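Peer 1: Take this structure, written in C-alpha cells, and hold onto it; I'll ask about it next.
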Amino acid sequence: MNPIIRLVNRNLTIALNPGFLIWQVIFPLIYIFVAGFAYTSLIDVVPFENKELSYPAFLATGMIGFNIMNSTLISGIIIWNDRRNGMFEQILSGPFTRVHYILSNVVTIGIVGLVSAVLIAFIAYPVFSESSEFSLLTIPVIIFASVTGSLLFGSIASIIATRLKSSEGFNVILNTVFLFFAFVSTAFYPASGAPEPLATAFYLNPLTYLVDVIRAGIFGSFTNFVIMEMLILIVLASSLFVIATKLLTKLDF
Amino acid sequence: MSCIIAKSLFKSYNSVNAVDGIDLVVKSGQVFGFLGPNGAGKSTTIKLLTTLIQPTSGELTILGINAKENPLEIRHKIGVVLQQPSYEPSLSVEKSLEKYGLMWDVPRKIRKERVEELLSDFDLHDIRKKKTDDLSIGQRRRLQVAREFMHDMELLFLDEPTIGLDPSARRKLLDFLKRKVKDGLTIFFTTHVLTEAEYICDEIAIINKGKIIAVDTPDDLKNRFGRKKTIKIHLSEVNENLKNLLSEVKDCKIDFNSGSNITIHSDESEIVLLKVLQILNSNNLVIEDLSAVPTNLEEIFLKVVNESNESNN
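Chains as they are written, first to last, in my numbering: chain A, 1 to 253; chain B, 1 to 313.
The structure is reproduced here in C-alpha cells:
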C-alpha cells in the first residue's frame, strides 16, 4: 500500500473522534435550522449576484464553506499532537519522508473537507433547493471549493501548529484566527448593507471567496468576479501550502 | 559482518560539535551498548544513525547502505524506539499496535497474529482496550517498545527503553531482547542503568562530550579499567586506634567509615588485604564480616568518564 494512503488511514483513525464528528454536523445544523429561520423575521431576502435568496438558503450555502474551513482544523491538530506526543519524530524514523507526511495531511483534510461539504449540502438541500440552479458546473465547483478551501485553511492551521509549542497558545491562536475567518466573512451575512470597513474586511477574508464560489455553483450565477475569486483562492492556497510545507520541512527534532 | 560503520562523523549545532568525529563499527547479531553521561551526544548519535538528521560531515553506512544517499531505504530496515515517549493518545493499546503495523505495511493476517503475541510478550493483555492516554508511564513505555516489533527489521535502535519500567518488567524486556538477538536481530542500546548494560550488551562504547572514549566488551573494559578493587571489613567492636594501626599499609586508600567499618581501595587488593588481616589479627581485632566488592561497569564508566573530563580540562 502506498505510504501516503497508510498515513491517511492513520490520520483519519486518530482524528475523527465522535466529538469532532458531532461538532461538524450539529453546529451547522443549529445555524441553518435555528438561526437561519429565527433571523428570517429580521432579514427578509438577501441579494446574491442577480438573485434574491431567502436567508436560510443564503446561510445554508454559507455553512458548506464554513464546514470545509472547520474540518481543516484537524490538519493543525494532527501536526500539533504529533509533535507533542512524539509521533512526528517516530513516523519520520520509519518508512516515511516529510513529503509523505505533508501530502497525507493534505489528502486527509481534502477527504474530510469534501465529506463535510457533501454532508451539509445534502442535509441543507431542502432549505436552498427552491433557489438552486444546478448545472454541469455545480459538482466540479463544489469539489474545487472543497479542495482549495481545505488546502488553504489546512495550510493556515498547519503553519500555526508548526510555530506554537504550548497547548494554550495553539488553541487560543487557532480558535481566534478561525473565529475571525468565520464571522468576518459572508458565510453568515451578506457584505451589502454592512458598514463600509466591515464590508471591506469581508473581502480580505478567503472564506468569503470560498462561500461565494460555493453559492455560485449552487445558484448558477457565475460572474467574472466569481472567476476572479476562484483564481485568488488558487493563488492563496498554493502560496500558503508552500509556506506550510517549508515550515514542516524545517521543523527540527 | 558490520551493520553500522561510521567514520569521522560530526554533527554541529551553532559551531558546537554535539557529535565530535566518532568512528564506530557495530557487528551484526549483537547488542551494542552506547553509554554516556547526560548531554554526551548519545541521542544525537542515534538520530544520525537512524537518519532522522544528517551529519555535518563524515561517512555513515547502515546495513551496507549509504545514509546520506538512501536514508529512506535504511529506515525500511530498522526499528527505532526513541528516548521521548511517542503514542497515539486516542487509540487503545491493541489499536495502537494494529495501526502501527498498518503504517509499516504489515499484511492484515500477520498484524493480527503479532498483536496477540506482543500483548502477551509485553504483559499488555489486561490493558488491551485501555486508551494509551490513560496508561502509566511504564505501561506506555512497554507499548512503545512492543509496537516496534510489529514490523520486521534487521537493526533496532533502543534509546533508554527501560525508563519507567519496574525491575520485573525490565528483566522481561531484556530477556525478550536477548531472544530476538539470538534470532539474528542487531540492537543498538543506550541506557543509564549500567547493570542492565552489563546484563545484555556484547560490546559497549562510552561517549563523552561527543567523542567515543572507550569501546570493548564488558569483560575487557573491566580488565582494562577495573584493576582497582574495593574490600569492606566490619569489626566486631569499635577500635579508636584503628587508623594508626593501619597507617603503615601502603599502595591503598582506606576509608574509616566508623570505628568498626573500614573500606579499602587498591590496585593490589590481594597483597593489601593480607597485610591488613595480619595487623588486625596481631592486635586481636575480630572481623565480623569481610566482603570484596566486584568491579562493576558503573565504576568503570565513572572512571573512564572522569578521566576523560580531567584530560579535557
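By construction, the Cβ of each residue, glycine as well, lies at the ideal position given by its N, Cα and C atoms. Computed from a predicted structure; not experimentally measured.
What are the complete beta strand (DSSP E) segments, minimum 3 residues, inside the stretch 182-260 of chain B?
Peer 2: Complete beta strand (DSSP E) runs here, min 3: 186-190, 203-208, 211-216, 229-235 and 253-256.
Peer 1: Exposed or buried, which one is Q54 (chain B) when buried takes at least 16 other CB atoms within 10 Å?
Peer 2: By 1-based counting over the second sequence, the position of residue 54 (chain B) is 54. It is exposed - the Cβ of Q54 (chain B) has fewer than 16 other Cβ atoms within 10 Å.
Peer 1: What is the DSSP secondary structure of T132 (chain B), counted as helix, strand or coil?
Peer 2: Here residue 132 (chain B) refers to the residue found at position 132 of the second sequence. Helix at T132 (chain B).
Peer 1: Going along chain A, which residues have a C-beta under 7 Å from H265 (chain B)?
Peer 2: In the second sequence, residue 265 (chain B) corresponds to position 265, counting from 1. Simply none; closest approach about 43 Å.
Peer 1: Can you say whether L302 (chain B) is buried or exposed, counting buried as having 16 or more other CB atoms within 10 angstroms of its CB?
Peer 2: Position 302 of the second sequence, counted from the first residue, corresponds to residue 302 (chain B). Burial call: exposed.
Peer 1: Could you tell me which chain A residues have their CB closer than 7 Å to the CB of K99 (chain B), listed as they occur along the chain?
Peer 2: By one-based count along the second sequence, residue 99 (chain B) stands at place 99. In chain order: R10 and T13.
Peer 1: Is the shortest distance between the beta-carbon of E88 (chain B) and the beta-carbons of chain A less than 8 Å?
Peer 2: By one-based count along the second sequence, residue 88 (chain B) stands at place 88. Yes, E88 (chain B) counts as interfacial toward chain A.
Peer 1: Relative to the C-alpha of D220 (chain B), which candidate in B:E198, B:L285, B:K211 and B:N239 has its C-alpha closest?
Peer 2: The residue given as residue 220 (chain B) occupies position 220 in the second sequence. Selected option, being the one with the closest Cα: B:E198.
Peer 1: Using a C-beta to C-beta distance shorter than 8 Å, which residues of chain A count as neighbours of H76 (chain B)?
Peer 2: For the purposes of this step, residue 76 (chain B) is taken as residue 76 along the second sequence, with counting starting at 1. What H76 (chain B) touches in chain A: P95.
Peer 1: Could one say the Cβ of R98 (chain A) lies closer than 8 Å to chain B's Cβ atoms, at least one of them?
Peer 2: Reading the first sequence from its first residue, position 98 is the one you call residue 98 (chain A). It does not: the Cβ of R98 (chain A) has no partner Cβ on chain B nearer than 8 Å.
Peer 1: Residues in the stretch 161-188 of chain B with C-beta within 7 Å of chain A's C-beta atoms, listed in sequence order?
Peer 2: Listed by position, the residues of the stretch 161-188 of chain B near chain A (Cβ gap below 7 Å) amount to none.
Peer 1: Thinking just about the alpha-carbon of each residue, which of B:G164, B:L60, B:A146 and B:L165 is nearest to the one in L156 (chain B)?
Peer 2: What you label residue 156 (chain B) is simply residue 156 of the second sequence in a count that begins at 1. Here the closest residue by C-alpha is B:A146.
Peer 1: By a C-beta neighbour count over all protein chains shown, 10 Å radius and 16 as the cutoff for buried, is R108 (chain B) buried or exposed?
Peer 2: The residue labelled residue 108 (chain B) in the question sits at position 108 within the second sequence. The residue is exposed, with fewer than 16 neighbouring Cβ atoms inside 10 Å.
Peer 1: At 3 residues or longer, what runs of the beta strand (DSSP E) sit wholly inside the stretch 40-116 of chain B?
Peer 2: Counting only runs of 3 or more, we get 57-62 and 78-81.
Peer 1: Which value, in whole angstroms, describes the spacing of the CA atoms of L59 (chain A) and I32 (chain A)?
Peer 2: Along the first sequence, read from residue 1 onward, the residue named residue 59 (chain A) stands at position 59. Along the first sequence, read from residue 1 onward, the residue named residue 32 (chain A) stands at position 32. Roughly 6 Å separates the two Cα atoms.
Peer 1: Assuming contact is defined by CB atoms lying nearer than 8 Å, are S93 (chain A) and T50 (chain B) in contact in what I supplied?
Peer 2: On the first sequence, position 93 is the one that residue 93 (chain A) refers to. On the second sequence, position 50 is the one that residue 50 (chain B) refers to. In this structure, T50 (chain B) lies closer than 8 Å to S93 (chain A) by Cβ.
Peer 1: So for E229 (chain A), helix, strand or coil by DSSP?
Peer 2: Within the first sequence, numbered from 1, the residue matching residue 229 (chain A) stands at position 229. E229 (chain A) falls in the helix class under three-state DSSP.
Peer 1: Sort out for me which residues DSSP pairs F10 (chain B) with in a bridge.
Peer 2: The residue you call residue 10 (chain B) lines up with position 10 of the second sequence. Paired residue(s): B:D20 and B:S57.
Peer 1: Locate the beta strand (DSSP E) running through K51 (chain A), then write down its first and last residues.
Peer 2: Position 51 of the first sequence, counted from the start, is the residue given in the question as residue 51 (chain A). K51 (chain A) -> beta strand (DSSP E) spans K51 to S54.
Peer 1: Output the distance between the C-alpha atoms of S104 (chain A) and N11 (chain A), rounded to the nearest integer angstrom.
Peer 2: On the first sequence, position 104 is the one that residue 104 (chain A) refers to. On the first sequence, position 11 is the one that residue 11 (chain A) refers to. In a straight line, the C-alpha of S104 (chain A) is about 8 Å away from that of N11 (chain A).
Peer 1: With DSSP collapsed to three states, give me the class of H265 (chain B).
Peer 2: On the second sequence, position 265 is the one that residue 265 (chain B) refers to. H265 (chain B): strand per DSSP, three-state reduction.
Peer 1: For the ligand NAP, is there a heavy atom less than 7 Å away from the beta-carbon of V304 (chain B)?
Peer 2: The ligand NAP is not part of the structure shown, which contains no ligands of any sort.
Peer 1: Would you mind working out which of A:M1, A:E52, A:A117 and A:F27 sits nearest V323 (chain A), comparing C-alpha positions?
Peer 2: Residue 323 (chain A) lies beyond the residue range present for chain A, which begins at 1 and ends at 253; the question has no answer from this structure.
Peer 1: Measure the beta-carbon distance from V31 (chain B) to I187 (chain B) and round it to whole angstroms, keeping in mind my assumption that it falls under 8 Å.
Peer 2: Position 31 of the second sequence holds residue 31 (chain B). Position 187 of the second sequence holds residue 187 (chain B). Indeed they touch by this definition, with Cβ atoms about 5 Å apart.
Peer 1: Taking CB distances under 8 Å as the criterion, tell me whether Q54 (chain B) reaches chain A.
Peer 2: Locating residue 54 (chain B) in the second sequence gives position 54, counting from the first residue. By this cut-off, Q54 (chain B) is not an interface position.
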